[in-house]
Amino acid sequence: MAPVPDTVPGSLRAYLHGLPGVDEVGVRRRAADLATRSVKTTAKRRAIDLAIRMVDLTTLEGADTPGKVRALAAKAMRPDPADLTAPPVAALCVYPDMVAVAAEALAGSGVGLASVATGFPSGRTSLEVKLAETATAVAAGATEIDMVIDRGAFLAGDYRKVFDEITAVKEHCGQAHLKVILETGELVTYDNVRRASWLALHAGADFVKTSTGKVTPAATLPVALVMLEAVRDYRAATGRQAGVKPAGGIRTAKDAIRHLVLVKEIAGDDWLDPAWFRLGASTLLNDLLMQRTKLGTGHYGGPDHYTID
Numbered sequence: 001m002a003p004v005p006d007t008v009p010g011s012l013r014a015y016l017h018g019l020p021g022v023d024e025v026g027v028r029r030r031a032a033d034l035a036t037r038s039v040k041t042t043a044k045r046r047a048i049d050l051a052i053r054m055v056d057l058t059t060l061e062g063a064d065t066p067g068k069v070r071a072l073a074a075k076a077m078r079p080d081p082a083d084l085t086a087p088p089v090a091a092l093c094v095y096p097d098m099v100a101v102a103a104e105a106l107a108g109s110g111v112g113l114a115s116v117a118t119g120f121p122s123g124r125t126s127l128e129v130k131l132a133e134t135a136t137a138v139a140a141g142a143t144e145i146d147m148v149i150d151r152g153a154f155l156a157g158d159y160r161k162v163f164d165e166i167t168a169v170k171e172h173c174g175q176a177h178l179k180v181i182l183e184t185g186e187l188v189t190y191d192n193v194r195r196a197s198w199l200a201l202h203a204g205a206d207f208v209k210t211s212t213g214k215v216t217p218a219a220t221l222p223v224a225l226v227m228l229e230a231v232r233d234y235r236a237a238t239g240r241q242a243g244v245k246p247a248g249g250i251r252t253a254k255d256a257i258r259h260l261v262l263v264k265e266i267a268g269d270d271w272l273d274p275a276w277f278r279l280g281a282s283t284l285l286n287d288l289l290m291q292r293t294k295l296g297t298g299h300y301g302g303p304d305h306y307t308i309d
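Heads up, the sequence shown is in full-length UniProt numbering, so the first residue is 1 and it goes up one at a time.
Take a look at the structure:
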């Protein structure tokens with residue numbers, strides 16, 4: 001990994017503001033062009049199965065119960081009980097207090113267990129609380145931590161605070177992977193998305209993630225494009241590969257496949273793997289399963305064929 005900028009806040013600002021600017025019109029045009037790419041029927045089944053394996057099946061509601069988490073864990077391991085060829089998802093994502101329940105339900109399955117942390121979704125709490133929440137989730141069995149950055153600090157130009165919090169959370173993750181949520185809908189500009197991505201990567205992020213799913217806009221193709229460029233260029237500069245996770249608003253198989261096309265064209269085939277690309281979603285999986293059934297049988301499953309999550 002390349003050396004991170006030194007500890008003088010001004011130098012970190014100079015580093016981030018010295019990154020190449022984003023051509024907003026060009027990014028939107030490129031993303032729109034890639035969204036029109038067609039996928040042949042022979043490749044669509046493989047794309048759908050890959051998308052399923054990339055899903056972080058998510059429930060992040062105040063009304064979450066142990067029963068709901070166990071039911072989602074069962075679905076994560078066996079998305080379509082009527083078709084055992086359907087692959088499991090990448091991970092189940094829950095609140096920290098549900099990690100122990102999910103860990104017990106997923107034991108031995110190979111499905112990852114992600115927990116949001118650090119005052120999700122706002123991030124408005126002390127560093128001590130953020131670190132304690134991270135450590136508690138890891139101790140309960142989380143294999144991945146999805147943290148939120150302090151967007152207020154970032155937008156105020158206090159990049160060092162954001163950097164230091166990410167590095168501290170990373171240290172408390174132990175063996176768990178760290179996904180850093182930028183909440184791109186609050187970052188205002190694509191230049192800020194690029195800066196936040198590079199900051200998070202230098203601070204040790206294993207993934208950069210678009211959104212909490214609680215803010216609009218959430219995941220958009222132009223934002224994903226900027227973040228994919230960041231991880232691609234970061235690997236070229238440092239030799240370390242990191243992943244991207246768009247989350248929020250990805251609801252259909254068509255949306256998922258558009259993101260896979262984006263990955264292939266912008267970052268490359270190395271990122272077409274659940275180890276390096278994830279789709280954060282709560283409703284996407286059912287549409288992927290419906291389209292998969294349609295490809296295999298010629299008709300969609302009935303409305304009661306899939307669980308309502």
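Even glycine gets a Cβ: it sits at the ideal position worked out from N, Cα and C.
- The residue among G185, T189, V215 and K179 with its C-alpha nearest the C-alpha of F207 is K179.
- For H177, the enclosing beta strand (DSSP E) has its first and last residue at H177 to I181.
- CA-CA distance, W271 to M54, rounds to 11 angstroms.
- For the set E128, D233, E183 and A82, the Cα lying nearest the Cα of D164 is the one of E128.
- In the structure shown, D150 falls within a coil segment according to DSSP collapsed to helix, strand and coil.
- Residue nearest to V244 within the set T252, K264, R78 and E133 is K264 (criterion: CA-CA distance).
- At least 9 angstroms separates the beta-carbon of T125 from that of T136.
- Here the alpha carbon of L221 sits roughly 26 angstroms from the alpha carbon of T293.
- Sorting L288, T58 and L155 by C-alpha distance to the C-alpha of V188 places L155 at the top.
- For S115 against I145, the beta-carbon gap comes to about 6 angstroms, under 8 angstroms, which counts as contact.
- Between the alpha carbons of T42 and A51 lies a gap of roughly 15 angstroms.
- According to the DSSP secondary-structure assignment, A267 is paired through a beta bridge with no residue.
- Within the model, the alpha-carbon separation for E133 versus K209 is close to 19 angstroms.
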